[in-house]
Amino acid sequence: MMGQSSSLAMAEELGRRLKQARLNANLTQEAVAQIAGVNRKAIVNAEKGRGLLVSFVSIMSALNLTGHLDLFLPEQVISPLQLVKLQGEKRQRASGQRTDKKGETTEW
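Just add 202 to the spot in the sequence shown (first one is 1) and you have the working numbering.
Written as structure tokens, this is what we have:
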């Protein structure tokens, strides 16, 4: 399990990478803020690893980096074994049609 200091370090690293992507795109913090629909302070916080997730995604969108989200956190696929467990037991055979025998009546 990841400790708090490791989480903070990872958040700071993501912020550093976000800042580098902005600089590579030759955009100011204000320009990215306008494109992303957030204020400049949100950009500053995100670049320091203290931003909100929604701001982070908006900034990635403004920098045309949303395609990298699948690399960042791939979609989680349910394994066939887990799927079987979730579905429960499937029927193994069909039940046949019941036919009344002609001329026989049941008396209670």
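All C-beta atoms in this analysis are idealised placements derived from N, C-alpha and C, irrespective of residue type, glycine included.
Asked	Found
Own chain partners of Ser-257 with C-beta closer than 6 Å, once the 5 adjacent residues on each side are dropped	Val-240, Ala-244 and Ala-248
Endpoints, alpha helix (DSSP H) assigned at Ala-248	242–249
Start-to-end residues for the alpha helix (DSSP H) that takes in Ala-329	No answer is possible for residue 329: it lies beyond the span of the chain, which begins at 203 and ends at 310.
Secondary structure of Gly-298, DSSP reduced to three states	coil
Inter-stretch contact at 8 Å, needing at least 3 Cβ pairs: the region 270–277 / the region 231–238	no
Beta-carbon proximity check, Leu-265 vs Ala-223, cutoff 7 Å	yes
Pairwise C-alpha distance: Pro-276 and Lys-221	23 Å
Assumed close pair Gly-251, Leu-216 - CB separation to whole angstroms, cut-off 8 Å	6 Å
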